[in-house]
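Chemist:
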Amino acid sequence: MKTAFFQKLFFFAAALFCLQSFSCARNSEFKENKNLPKKDLTIKLSSGASVFLRAEIASTEETRASGYMFRKHIPDGTGMLFVYDDDQPLRFWMKNTPTPLSIAFIDRKGQIKDIFDMKPYNLNGVSSGGFVRYALEVPQGWFSRAGVSCGDFLELDFLD
Numbered sequence: 088m089k090t091a092f093f094q095k096l097f098f099f100a101a102a103l104f105c106l107q108s109f110s111c112a113r114n115s116e117f118k119e120n121k122n123l124p125k126k127d128l129t130i131k132l133s134s135g136a137s138v139f140l141r142a143e144i145a146s147t148e149e150t151r152a153s154g155y156m157f158r159k160h161i162p163d164g165t166g167m168l169f170v171y172d173d174d175q176p177l178r179f180w181m182k183n184t185p186t187p188l189s190i191a192f193i194d195r196k197g198q199i200k201d202i203f204d205m206k207p208y209n210l211n212g213v214s215s216g217g218f219v220r221y222a223l224e225v226p227q228g229w230f231s232r233a234g235v236s237c238g239d240f241l242e243l244d245f246l247d
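What the sequence shown shows, in our numbering, is residues 88 to 247, in sequence order.
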């Protein structure tokens, strides 16, 4: 009788330990990256006005791959700028991304070429219409609310 009780207790404790270990591993693996550098960015509108936002800079393969994955809230007026070394066609998807985003594809001179809205968890992705150097993700609708459109320019002096 006692043996059965201790066996059940042992299996319960082992199951609890495994569940806790799995949960802790997932939580630590997917925490938001607070080590990304942040920069104040300026976008010059065709009207001559400027809009500003604070962006995390993802410039390594690892940080570009994880992007905004698992982030449940992205404040308005913030974004993530993906920086590439060379001009290339870019494709982004929303794997493991619960927050709706808008993305702008930007050429090496800073001109915004395309803007798309992206749905949470959508694996179809969106592609730049040509060769670009940067992609800027913001909360969905921010570009529209800020008056940003294709043809406007991201000032690139933050790269200095």
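Backbone N, C-alpha and C fix where the C-beta goes; we use that ideal spot for every residue, glycine too.
(1) Output the residue ranges of the alpha helix (DSSP H) runs that lie fully inside the stretch 110–173 and measure 4 residues or longer, sorted by chain position.
(2) What residues in its chain sit with their C-beta under 6 Å from that of glutamine 198, if we drop five residues either side in the sequence?
(3) Does the count of Cβ pairs from the stretch 138–156 and the stretch 203–219 closer than 8 Å reach three?
(4) Near glutamate 143, which residues of its chain fall below 6 Å by C-beta distance, leaving aside the five closest residues on each side in sequence?
(5) With a CB to CB cut of under 7 Å and the five nearest residues on each side skipped, what residues in its chain are close to cysteine 237?
(6) Near glutamine 227, what residues of its chain come up, given a Cβ to Cβ distance below 6 Å and the 5 sequence neighbours on each side ignored?
(7) Run the proximity test for serine 215: is its beta-carbon closer than 8 Å to any non-hydrogen atom belonging to the ligand ZN?
(8) Is it buried or exposed for leucine 246, if we count other Cβ within 10 angstroms and need 16 for buried?
(9) Which residue marks the beginning of the beta strand (DSSP E) containing serine 231, and which one marks its end?
(10) Spatial neighbours of arginine 141 within its chain, please: C-beta separation below 8 Å, excluding the five flanking residues on both sides.
(11) Taking threonine 184 and proline 207 to be in contact with their CB atoms under 8 Å, please state how far apart those CB atoms are, rounded to whole angstroms.
(12) Within 10 Å of its beta-carbon, does alanine 136 have 16 or more other beta-carbons around it, so buried, or fewer, so exposed?
(13) Tell me the residue span of the beta strand (DSSP E) that contains valine 195.
(14) Whose CA, out of Lys182, Ala191, Ser133, Ile130, lies closest to the CA of arginine 158?
Modeler: So, from the data block:
(1) 148–153
(2) Here residue 198 refers to the residue found at position 111 of the sequence shown. The residues are Phe240.
(3) no
(4) As a working note, residue 143 is residue 56 in the sequence shown. Closer than 6 Å at the Cβ level, and outside the excluded window around glutamate 143, lie Leu123, Lys125, Met167.
(5) Locating residue 237 in the sequence shown gives position 150, counting from the first residue. For cysteine 237, where only same-chain residues beyond five positions count, the Cβ hits under 7 Å are Ile199, Lys200, Asp201, Ile202.
(6) What you label residue 227 is simply residue 140 of the sequence shown in a count that begins at 1. Pro187, Leu188, Ser189, Asp204.
(7) Summarising the ligand content, the structure contains no ligands, and the ligand ZN is consequently not present.
(8) Taking the sequence shown and counting its residues from 1, the one referred to as residue 246 is at position 159. Result: exposed.
(9) In the sequence shown, counting from the first residue as 1, residue 231 sits at position 144. Here serine 231 belongs to no beta strand (DSSP E); instead the alpha helix (DSSP H) covers 229–233.
(10) In the sequence shown, counting from the first residue as 1, residue 141 sits at position 54. Taken in chain order, the residues that qualify are Lys125, Lys126, Asp127, Leu128, Gly164, Thr165, Gly166.
(11) Taking the first residue of the sequence shown as 1, we reach residue 184 at position 97. Taking the first residue of the sequence shown as 1, we reach residue 207 at position 120. The Cβ separation is near 6 Å, so the contact holds.
(12) Numbered from 1 along the sequence shown, position 49 holds the residue referred to as residue 136. Exposed: under 16 other Cβ atoms inside 10 Å.
(13) Locating residue 195 in the sequence shown gives position 108, where the first residue counts as 1. According to the sequence as given, residue 195 is arginine; it is not valine. Run containing arginine 195: none; DSSP gives neither H nor E here.
(14) One-based indexing of the sequence shown puts residue 158 at position 71. If we check each option's Cα against that of arginine 158, Lys182 comes out closest.
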